[in-house]
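*Asks:* Converting from the sequence shown to the numbering used here requires adding 1 to each position, the first position being numbered 1. Have a look at the structure that comes next, please.
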Amino acid sequence: MRSRHFHGLSKAGFHRLHYVEWGESREGVPVICIHGLTQNARGFDELARAASLDRWTLCLDVAGRGGSGRLPDPALYDYAQYLADANALIARLGSEQVDIVGTSMGGLIGMFLAAMPGSPVRRLVMNDVGPFIPRAALARIREYVSRAWRFADVHGLEQHMRQAYATFGPLSDAQWATLARQSATVLDDGAVVPHWDPKIGEVFASTPPSDVNMWPYWDQVKCPVLLLRGAESDLLLPKTAAEMTRRGPRAELVEFAAVGHAPVLLDGDQIRPVIEFLGTS
C-alpha cells in the first residue's frame, strides 16, 4: 500500500487529490475504487488487498474527503467536479481501459463515466446505488451531513458510527474500530471530527430532497455491471435493482442479507463476488 498524490482542477484553481495504490505489478487493466459520500479511500483496504493479488488497484479520496484537499466553495462539490477528478486519475495511469468499483456516490461516478461515448470503463461494480434514488433516503442523508459532528476522541466517533451506520450490518468490534480510525481527523485541541469537509453538507442543506431519476444515463452504459445490494437498503430499492437487471447493461445482481446501505466490503462473502467479476487481468 502506497500513498500517492496528483492535482485536480476546479473553477477555483488546483486542488490536491490523494489515492492509495495497491499491487506490485502495473500490468493489465487497473481497478479504481471510489467511495461513498462521507467515506474515504481506506474503506476499501480489504477489497484492495484481495484485488491487488492479481490487479493494479487504486483507491481514490474524492475531493473534500480523506487525504484530498478541501474545495473553497461548497458549490464545487458536484458530480461534474468528481468526474473531472476521476478522469484526471485515469489519464495519469496511462491505461486505455479501467475497471471501477464504486460505493453509493462512487457508484454513480462510475455510472456517469461508463455512460459517456468512448468511455474507458471496461467493467463496473455499483455498490448499493442505482439510477433512481428515493426522496426519503436523500432526506436521511441530508439530515446527517448537515450536522457538524465533533467527538472527544476516536472511541467517541466509533460509538457514533455504530449507531449512525448500523445498516452496515453485523460487523465485529475490530472492524468498527478500524472504520473509526480510518474516518477520524484529530484536531489540534485533541478533538476528533469525521474525515470529510463539513461544507459538503451545505450543498445538501441548500436543496430540498426529491426523487432523483437517472435512468437515461443507465441506459447508455454498455459495459458489464455487477450490482451489489444490501437487502435492507433504503437507497437502492428492490424494484430499482430488479429493473437494472432488465434494461441498459442488464446488471448481474448480488444481494446481502441483514445489510442496509451500504455493504462495507470487509468480509469474504462480500468481497468474493467482486473479485470474481473483475477477474485477474
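C-beta: ideal position from N, C-alpha, C; glycine also. This structure is a prediction, so every number in the text was calculated from the model and none was measured.
Whose C-alpha, out of Gly231, Ser282, Pro250 and Gly65, is nearest the C-alpha of Thr104?
*Replies:* Numbered from its first residue, the sequence shown carries residue 104 at position 103. Comparing Cα positions, the closest option is Gly231.
*Asks:* Tell whether a beta-carbon distance below 8 Å holds between Phe113 and Tyr218.
*Replies:* If you number the sequence shown from 1, residue 113 lands on position 112. If you number the sequence shown from 1, residue 218 lands on position 217. Between Phe113 and Tyr218, the C-beta spacing is below 8 Å.
*Asks:* Straight-line CA distance for Ala64 to Thr246?
*Replies:* Sequence index remark: in the sequence shown, residue 64 carries index 63 (1-based). Sequence index remark: in the sequence shown, residue 246 carries index 245 (1-based). Rounded to the nearest angstrom, the two C-alpha atoms are 31 Å apart.
*Asks:* Evaluate the contact criterion for the region 136 to 153 versus the region 188 to 202: three or more CB pairs, one atom per stretch, below 8 Å.
*Replies:* yes
*Asks:* Taking the DSSP output, what are the residues bridged to Trp150?
*Replies:* The sequence position of residue 150 within the sequence shown is 149, counting from 1. Bridge pairing for Trp150: absent [DSSP].
*Asks:* How should Ala242 be labelled, buried or exposed, when 16 other C-beta atoms within 10 angstroms of its C-beta is the threshold for buried?
*Replies:* Looking up residue 242 in the sequence shown gives position 241. Under this definition Ala242 is a buried residue.
*Asks:* Going by beta-carbon coordinates alone, are Tyr78 and Ile110 separated by less than 8 Å?
*Replies:* On the sequence shown, residue 78 is found 77 positions in, with the first residue counted as 1. On the sequence shown, residue 110 is found 109 positions in, with the first residue counted as 1. In this structure, Ile110 does not lie closer than 8 Å to Tyr78 by Cβ.
*Asks:* Pull up the DSSP beta-bridge partners for Val255, would you.
*Replies:* Position 254 of the sequence shown holds residue 255. According to DSSP, which records beta bridges pairwise, Val255 is partnered with Leu229.
*Asks:* Taking the DSSP output, what are the residues bridged to Glu22?
*Replies:* By one-based count along the sequence shown, residue 22 stands at place 21. Bridge partners of Glu22: Arg3 and Leu59.
*Asks:* Contact defined as beta carbons within less than 8 Å: I believe Pro264 pairs with Leu229. What is the distance between those atoms, to the nearest angstrom?
*Replies:* As a working mapping, residue 264 is identified with position 263 in the sequence shown. As a working mapping, residue 229 is identified with position 228 in the sequence shown. Pro264 to Leu229, Cβ: 6 Å. Contact.
*Asks:* If contact is defined by three or more beta carbon pairs under 8 Å, each pair taking one atom from either stretch, is the region 28 to 37 in contact with the region 5 to 14?
*Replies:* no
*Asks:* Once you ignore the five residues that flank Ala89 on each side, which residues in its own chain have a CB closer than 8 Å to its CB?
*Replies:* The count along the sequence shown starts at 1 and reaches residue 89 at position 88. So the qualifying residues of the chain are Phe7, His8, Gly9, Leu10 and Leu18.
*Asks:* If we ignore side chains and look at the alpha-carbon of each, how far apart do Ile276 and Ala52 end up?
*Replies:* Here the question's residue 276 lines up with position 275 in the sequence shown. Here the question's residue 52 lines up with position 51 in the sequence shown. Taking the straight line from one Cα to the other gives about 6 Å.
*Asks:* Gly44 to Ala185, Cα distance in whole Å?
*Replies:* As a working mapping, residue 44 is identified with position 43 in the sequence shown. As a working mapping, residue 185 is identified with position 184 in the sequence shown. Taking the straight line from one Cα to the other gives about 12 Å.
*Asks:* Measure from the alpha carbon of Leu238 to the alpha carbon of each residue in Val260, Gln221 and Val222, then state which is nearest.
*Replies:* Counted from its first residue, the sequence shown places residue 238 at position 237. Selected option, being the one with the closest Cα: Val260.
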